[in-house]
Amino acid sequence: MDALDGNAIAGELFAAFGHEMTTVVGTCTSCGARSAIAELPVHVSGPGTVARCPGCASVAIVLARGTARFSGYELPSPGPGEAE
Amino acid sequence: MARDHISHGFTGRRRESGDPARIPPGQYLTRDFPVLSAGPTPHTSLDEWTFTIDGAVDAARTWTWKEFLALPHEAPTVDIHCVTKWSKLDTRWRGVSVDTLLEDVDTAGEYVTARCDGGYTTNLALEDVTEGKAWIVFEYDGEPLDPEHGGPARLLVPHLYFWKSAKWVRGLALTVDDEPGFWETYGYHNRGDPWLEQRYQGG
Amino acid sequence: MVERVAETARAKSVLLDLPGWPGHRAGQHVDIRLTAEDGYQAQRSYSIASGPEDDRLALTIERLDDGEVSPYLTDVLEPGDELELRGPIGGYFVWEASLPGPLQLIAGGSGIVPLRAMLRHWVAADRPVAARVLYSARSLDEAIYRDELLGLAAYDELDVRIALTRAWPAGWTGHRGRIDRALVDAAAWPPQERPRIYVCGPTAFVEAAAELLVESGHRPDSIKTERFGPTGG
Numbered sequence: 000m001d002a003l004d005g006n007a008i009a010g011e012l013f014a015a016f017g018h019e020m021t022t023v024v025g026t027c028t029s030c031g032a033r034s035a036i037a038e039l040p041v042h043v044s045g046p047g048t049v050a051r052c053p054g055c056a057s058v059a060i061v062l063a064r065g066t067a068r069f070s071g072y073e074l075p076s077p078g079p080g081e082a083e
Numbered sequence: 000m001a002r003d004h005i006s007h008g009f010t011g012r013r014r015e016s017g018d019p020a021r022i023p024p025g026q027y028l029t030r031d032f033p034v035l036s037a038g039p040t041p042h043t044s045l046d047e048w049t050f051t052i053d054g055a056v057d058a059a060r061t062w063t064w065k066e067f068l069a070l071p072h073e074a075p076t077v078d079i080h081c082v083t084k085w086s087k088l089d090t091r092w093r094g095v096s097v098d099t100l101l102e103d104v105d106t107a108g109e110y111v112t113a114r115c116d117g118g119y120t121t122n123l124a125l126e127d128v129t130e131g132k133a134w135i136v137f138e139y140d141g142e143p144l145d146p147e148h149g150g151p152a153r154l155l156v157p158h159l160y161f162w163k164s165a166k167w168v169r170g171l172a173l174t175v176d177d178e179p180g181f182w183e184t185y186g187y188h189n190r191g192d193p194w195l196e197q198r199y200q201g202g
Numbered sequence: 000m001v002e003r004v005a006e007t008a009r010a011k012s013v014l015l016d017l018p019g020w021p022g023h024r025a026g027q028h029v030d031i032r033l034t035a036e037d038g039y040q041a042q043r044s045y046s047i048a049s050g051p052e053d054d055r056l057a058l059t060i061e062r063l064d065d066g067e068v069s070p071y072l073t074d075v076l077e078p079g080d081e082l083e084l085r086g087p088i089g090g091y092f093v094w095e096a097s098l099p100g101p102l103q104l105i106a107g108g109s110g111i112v113p114l115r116a117m118l119r120h121w122v123a124a125d126r127p128v129a130a131r132v133l134y135s136a137r138s139l140d141e142a143i144y145r146d147e148l149l150g151l152a153a154y155d156e157l158d159v160r161i162a163l164t165r166a167w168p169a170g171w172t173g174h175r176g177r178i179d180r181a182l183v184d185a186a187a188w189p190p191q192e193r194p195r196i197y198v199c200g201p202t203a204f205v206e207a208a209a210e211l212l213v214e215s216g217h218r219p220d221s222i223k224t225e226r227f228g229p230t231g232g
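Residue numbers (numbering that gives the first Met the number 0), protein chains in the order written: chain X, 0 to 83; chain A, 0 to 202; chain P, 0 to 232.
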C-alpha cells in the first residue's frame, strides 16, 4: 500500500504531546534532510505506525502502544522552526 | 476501560462465521488480506536475492534464488493471526521449510533473528521455527508472492502473531540470547503466541 | 448527526451539531471512532468539508463497498445519532484568508474535500486572493461538489478546471485523462506568480502532481501535500 504522510498521525501526535506537531520541522540524523512531520512518509503496520525520512527512509518516529518515539529524527529546540 | 459511547447500529465488518476453536481470544475473522508494513516495499531483483543462515553457526550458508527454488518445497495451508485482531483461515502458501534450511547446521544458538530488506528484524525462539512450524514462502494462494505481501519471499510462522512472519526476509541469524527485533524493541512480546494473547512485553 | 446530503452517487455529506466545538481552520480533519456493542472499534480520519464560517460541521464520505466505516456513515447513521470524534486536527495542511499570494488547489478524487473547505472560507472572507482549482475525477458524476465548484467559477477571481480520467461526456472540452505537464502549464498558476499550493488525494496522485509542479519550476517549499489512503479518507 502507498505510504500516507504525517498528516495521518496528527491526531496520535496531538494526543501524545498535547499540542499540534505536524508543522514541526526536524532533521534526519542519518542524512541531514529537514522535513516537517507532515511531510514524512508514514507506513501503517500491525503493531504500530512508522514515519520515515523522505530522503533516506530511515526511521524517524514510531507510534506503538499509545506512545510516540522519535528515533533518528531530531526536533529543534523550542522556538522558530515550524513550517508555516 | 470505560466505554460510554456505542455507535448506534455499527457492527464493523460482517463477522464471518467460523469455527471458534480456530480463532484465538480477542480476534475477529476476516476474508481480507490487509497490506501492512513498517516501511516502503523493497524491490530486490531475483538476480541479487540471496538467503543466508549465519550467526552462531559452524559455517554460514547462502542460497541464490535459483538454489533456493531447487530445495524441497512444501505447500502449507494455515491460519494466520494479526495483532490488530484480524484472523484469516486456510491461507495457502508454498515455500521451503526452515527445517530444510537448518539441516546439518551446527549451532549453540537457541534463538534466531530474521533480517529483511529495508532493515526490519524480528526475533524468535529456535524451537518456534523448527519441527514443521515455519517456512520461507514465495507463493501465496497459488501465485508468486506479491511484493506488497513480502515477495519475493517472506518468513511464515503461523502459530505466532503475524508480525513475526517477516516480509522481505533475507536471512536468519542464530543467536545465543534472545535479541529483540524492531517491534519487540517498541514493547511487543518477544514470543507472540496469539493463544496466550502475548501481544506486549510483560504479557 | 443532524442531516445527510447526497453529493454524488457514492459520496454523502454528513452535517453535525457539535456543542462546544471550538471552530476549525480550513484543511483540518477529524478522527472518528465507532464502537460496536461487543466493544469492537474502528477509527478513520475525515477532512472537514465545511468552511470555518459555516453553521454546521460537514464531513463528506465516499462510500467504499467493502469499507467498514464509510458505509456506516453513508447508510446507517441516522439523524439524532451521536458520533465520537476527536478534533479539529492538523496545522500543516491549512489555509487562512490572511495568507498572501495567489492560491492553487489541486485535488484527486476525494482530495477535493479539504480544498472545498478552503474555498468556502475564501468566499466567506470575500475572496482576498486570486485562486485556481485543478480537480481530477474519474467522471463528471463522480466529481464531488461539481455544481458548487462550477458555480464558484463564476467569480472572476476563481478559475476551475476539471480533468476527467475514465469517462467524459460527448463534446467534453476539458482535459481527458490524468493530469500531465501540459495541463499544469496551461491551467495552474505559473511559478513566477509564486502561488501557495495545496495538493490532496490518493498518494499516487499527490506524488505525480507534486512532481509535475516541481518539474515545471515551482519551489518544493511552496507546495503542501496531504495523502489519503486508497480508502480516500
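Every residue, glycine too, gets a C-beta built ideally from N, C-alpha and C.
Fair warning: this is a prediction, and the values are worked out from it, not measured in the lab.
Output, in chain order, the set of chain P residues within a Cβ distance shorter than 8 Å of X:L88. Nothing can be reported for residue 88 of chain X: it is not among the residues displayed for chain X, which extend from 0 to 83.
Looking at the C-beta of X:G45, does it have a partner C-beta in chain P at a distance below 8 Å? Taking the first sequence and counting its residues from 1, the one referred to as residue 45 of chain X is at position 46. With 8 Å as the cut-off, X:G45 does not count as an interface residue toward chain P.
Which runs of the alpha helix (DSSP H), 4 residues or longer, sit entirely within the stretch 136 to 203 of chain P? Listed in chain order, the complete alpha helix (DSSP H) runs (minimum 4 residues) inside the stretch 136 to 203 of chain P are 145 to 151 and 180 to 186.
DSSP three-state label for A:V128, please. The count along the second sequence starts at 1 and reaches residue 128 of chain A at position 129. A:V128: coil per DSSP, three-state reduction.
Boundaries (first-last residue) of the beta strand (DSSP E) holding P:P127: The residue labelled residue 127 of chain P in the question sits at position 128 within the third sequence. Looking at the DSSP string, P:P127 is not in any beta strand (DSSP E), and its letter there is neither H nor E.
Is the CB of A:F32 under 8 Å away from at least one CB in chain P? The count along the second sequence starts at 1 and reaches residue 32 of chain A at position 33. Cβ-Cβ to chain P under 8 Å: no for A:F32.
Any idea which residues DSSP pairs A:G170 with across the strands? Along the second sequence, read from residue 1 onward, the residue named residue 170 of chain A stands at position 171. A:T51 and A:R114.
Backbone CA spacing between A:P41 and P:E2 [nearest angstrom]: Position 42 of the second sequence holds residue 41 of chain A. Position 3 of the third sequence holds residue 2 of chain P. C-alpha separation (whole angstroms): 46 Å.
Could you compute how far the alpha carbon of A:G117 sits from the alpha carbon of P:A169? What you label residue 117 of chain A is simply residue 118 of the second sequence in a count that begins at 1. What you label residue 169 of chain P is simply residue 170 of the third sequence in a count that begins at 1. If I take the Cα positions, the gap works out to 48 Å.
Report the three-state DSSP secondary structure of X:G80 (helix, strand or coil). As a position in the first sequence, residue 80 of chain X is number 81, starting the count at 1. Because X:G80 sits at a pLDDT of 48, beneath the cut-off of 50, its placement in the model cannot be relied upon, and the point is left open.
Using a beta-carbon distance below 8 Å, is P:R35 in contact with chain A? Mapped onto the third sequence, residue 35 of chain P falls at position 36. The sequence shown places Ala at residue 35 of chain P, rather than the Arg named in the question. So, interface residue.
Start-to-end residues for the beta strand (DSSP E) that takes in A:T99: Your numbering for residue 99 of chain A matches position 100 in the second sequence. Where A:T99 is concerned, there is no enclosing beta strand (DSSP E), although the alpha helix (DSSP H) it sits in stretches over V97 to L101.
Straight-line Cα distance separating A:N189 from P:L14: Counting from one through the third sequence, the residue named residue 14 of chain P turns up at place 15. Counting from one through the second sequence, the residue named residue 189 of chain A turns up at place 190. Cα to Cα, P:L14 sits roughly 46 Å from A:N189.
Measuring only between beta-carbons, confirm whether X:T21 sits less than 8 Å from chain P. Translated into positions along the first sequence, residue 21 of chain X becomes position 22. X:T21 counts as touching chain P.
Just checking: is the beta-carbon of A:A113 within a distance shorter than 8 Å of some beta-carbon in chain X? As a position in the second sequence, residue 113 of chain A is number 114, starting the count at 1. Not closer than 8 Å to any Cβ of chain X, the Cβ of A:A113 fails to qualify, so no.
Going along chain A, which residues have a C-beta under 9 Å from X:R33? Locating residue 33 of chain X in the first sequence gives position 34, counting from the first residue. Chain A residues near X:R33: none, gap ~20 Å exceeds 9 Å.
The beta strand (DSSP E) with A:H148 in it runs from where to where? Residue 148 of chain A sits at position 149 when you count from the first residue of the second sequence. Note, A:H148: premise wrong, no beta strand (DSSP E); not H, not E.
If we ignore side chains and look at the alpha-carbon of each, how far apart do X:I36 and A:L125 end up? One-based indexing of the first sequence puts residue 36 of chain X at position 37. One-based indexing of the second sequence puts residue 125 of chain A at position 126. Those two C-alpha atoms are separated by around 39 Å.
Does the Cβ of A:L159 have 16 or more other Cβ atoms within 10 Å, making it buried, or fewer, making it exposed? As a first step, residue 159 of chain A is located in the second sequence; it is residue number 160 there, counting from the start. Buried, because 16 or more other Cβ atoms sit within 10 Å of the Cβ of A:L159.
In angstroms with no decimal places, state the Cα-to-Cα distance between P:I178 and P:A57. Mapped onto the third sequence, residue 178 of chain P falls at position 179. Mapped onto the third sequence, residue 57 of chain P falls at position 58. Rounded to the nearest angstrom, the two C-alpha atoms are 28 Å apart.
Applying a beta-carbon distance threshold of less than 9 Å, which residues of chain P neighbour A:Y27? Locating residue 27 of chain A in the second sequence gives position 28, counting from the first residue. Neighbours of A:Y27 across chain P, judged by C-beta separation under 9 Å: Y39.
If I measure Cβ to Cβ from A:G186 and keep anything under 8 Å in the same chain, skipping five residues before and after, which residues do I get? Looking up residue 186 of chain A in the second sequence gives position 187. Closer than 8 Å at Cβ, skipping near neighbours: Y199 and Q200.
Using a Cβ distance threshold of 8 Å, determine whether the stretch 164 to 176 of chain A contacts the stretch 101 to 120 of chain A, with at least three qualifying pairs required. yes
Counting only Cβ pairs nearer than 7 Å, list the residues of chain P close to A:T10. For the purposes of this step, residue 10 of chain A is taken as the residue at position 11 of the second sequence. Per Cβ cutoff of 7 Å: A35.
Can you list, in chain order, the residues of the stretch 67 to 101 of chain P whose Cβ is nearer than 7 Å to any Cβ on chain X? R85, I88, G89, G90, Y91 and F92
Check whether P:D30 and X:G10 have beta carbons under 8 Å apart: Mapped onto the third sequence, residue 30 of chain P falls at position 31. Mapped onto the first sequence, residue 10 of chain X falls at position 11. Yes, the pair counts as a contact, with Cβ atoms nearer than the cut-off.
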